[in-house]
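The block underneath contains the structure these notes are about, expressed in structure tokens.
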Amino acid sequence: MPDGAIGTPIRRREDQRFLTGTGQYVDDVNCPGQTYAWMVRSSVAHAAIKRVDTSKAEAAPGVVRILTGADWAAKPAPSVRALPSRTPCLTRLAQKVSTP
Amino acid sequence: MATTTVSMTVNGKQVSADVENRTLLVQYLREDLGMTGTHVGCDTTQCGACTVHIGGLPIKSCTILARQVEGADVKTIEGLADGDTLHPMQEAFRENHALQCGFCTPGMVMSAIGIVERNKDSLDEKTVREELEGNFCRCTGYHNIVKAILAAHKEMTA
Chain A
1 MPDGAIGTPI
11 RRREDQRFLT
21 GTGQYVDDVN
31 CPGQTYAWMV
41 RSSVAHAAIK
51 RVDTSKAEAA
61 PGVVRILTGA
71 DWAAKPAPSV
81 RALPSRTPCL
91 TRLAQKVSTP
Chain B
1001 MATTTVSMTV
1011 NGKQVSADVE
1021 NRTLLVQYLR
1031 EDLGMTGTHV
1041 GCDTTQCGAC
1051 TVHIGGLPIK
1061 SCTILARQVE
1071 GADVKTIEGL
1081 ADGDTLHPMQ
1091 EAFRENHALQ
1101 CGFCTPGMVM
1111 SAIGIVERNK
1121 DSLDEKTVRE
1131 ELEGNFCRCT
1141 GYHNIVKAIL
1151 AAHKEMTA
């Protein structure tokens, strides 16, 4: 660190775009053809999933894709190095739905 | 769904778009005009992240319809800086580390300008904190925002 840097206020680099309204927060992103994901959460606190039927949801207008715990189990995301691999509760309790 | 053509001046420029009657001003700005500096932070008119100026007055754009603003003069955070030169309020926020994640900042800056303009003669910390009640910040604890506004007041009323 250069001499005299310790204790000196340092200007932040991100302030310029935040102050002028040009920060790209997630909701500000607008790519052509972008789709939107909704997380569907369990309506009960604790349950065993017997069966997931996505047929009605898949037939709904505008739905691109529905992902469930089964999709996750088939192709798990790589775990972040140095963090324990976490199998999400998706397989047991929740569903993920994508719509355009 | 009924639609209307809504025209207004935004940051000095004449704009016009055909929108559903239920379109909020904040949606008009963000989605129809692509100006995403004005943010949506709540669904309840509480947080103030959507604050813009309409006819010079700070107004929460989430709680007014675009068609209610027909013909008006609107200013957003994107219209404050003059090219590369920041508005004194923006500069004060930067100098005083009045932002962290920056999400509330556009609304804070727009509201703060209103606070200064309403209190030109004198402005104290208590008044700033009271008049900032319509703007929420989760990051900073407000302390540096208050400092920035008081500093900007000095600059702007010099």
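Just so you know, the protein sequences line up as chains A and B, in that order.
Heads up, the first sequence is in the working numbering, so the first residue is 1 and it goes up one at a time.
Heads up, the second sequence is in the working numbering, so the first residue is 1001 and it goes up one at a time.
Glycine included, every Cβ here is placed at the ideal spot set by N, Cα and C.
Model, not experiment: these values are computed from the prediction.
Item: Give a yes or no on contact between the stretch 36-48 of chain A and the stretch 1124-1135 of chain B, applying the rule of three or more CB pairs nearer than 8 Å.; Value: no
Item: Below 8 Å on C-beta distance, what does B:Val1109 contact in chain A?; Value: Leu19
Item: Kindly indicate if chain A contains any beta-carbon less than 8 Å away from that of B:Pro1106.; Value: yes
Item: Buried or exposed for B:Thr1051, going by 16 or more other Cβ atoms inside 10 Å?; Value: buried
Item: Between B:Gly1033 and chain A, is any beta-carbon pair separated by less than 8 Å?; Value: For the record, residue 1033 of chain B in the displayed sequence is Leu; it is not Gly. No, no contact with chain A.
Item: If the cut is a Cβ gap below 7 Å, which residues of chain B does A:Thr8 touch?; Value: Under the 7 Å cutoff, chain B gives no residues; its nearest Cβ is about 13 Å from A:Thr8.
Item: Could you check whether the stretch 1078-1095 of chain B touches the stretch 1006-1020 of chain B, counting it as contact only if at least three pairs of C-beta atoms, one from each stretch, sit closer than 8 Å?; Value: yes
Item: Count the CB pairs spanning the stretch 1101-1117 of chain B and the stretch 51-58 of chain A that are closer than 8 Å, and state whether there are at least three.; Value: no
Item: In terms of DSSP beta bridges, what is B:Ala1017 paired with?; Value: B:Val1006
Item: In this structure, does DSSP put B:His1087 in helix, strand or coil?; Value: coil
Item: Please determine, among B:Asp1043, B:Arg1067 and B:Cys1047, the residue with the shortest C-alpha to C-alpha distance to B:Ile1054.; Value: B:Arg1067
Item: Express the C-alpha separation of B:Glu1130 and A:Ser98 in angstroms, rounding to a whole number.; Value: Confidence is the limiting factor: at A:Ser98 the pLDDT is only 42, short of 50, which leaves the residue's position unreliable, though a coordinate-based value still follows. When rounded, the distance between both Cα atoms is 43 Å.
Item: According to the Cβ coordinates, are B:Val1019 and B:Thr1003 closer than 8 Å?; Value: yes
Item: Indicate whether B:Pro1106 and A:Gly21 have their beta-carbon atoms separated by less than 8 Å.; Value: yes
Item: Starting from the C-beta of B:Glu1070, find all residues in its chain whose C-beta is less than 6 Å away, skip the five residues before and the five after it, and write them out in chain order.; Value: Val1006
Item: Taking C-alpha atoms, which residue in A:Thr68, A:Leu19, A:Trp72 and A:Val63 lies nearest to A:Arg51?; Value: A:Thr68
Item: Across which residues does DSSP place B:Thr1051 in a beta bridge pair?; Value: B:Lys1060
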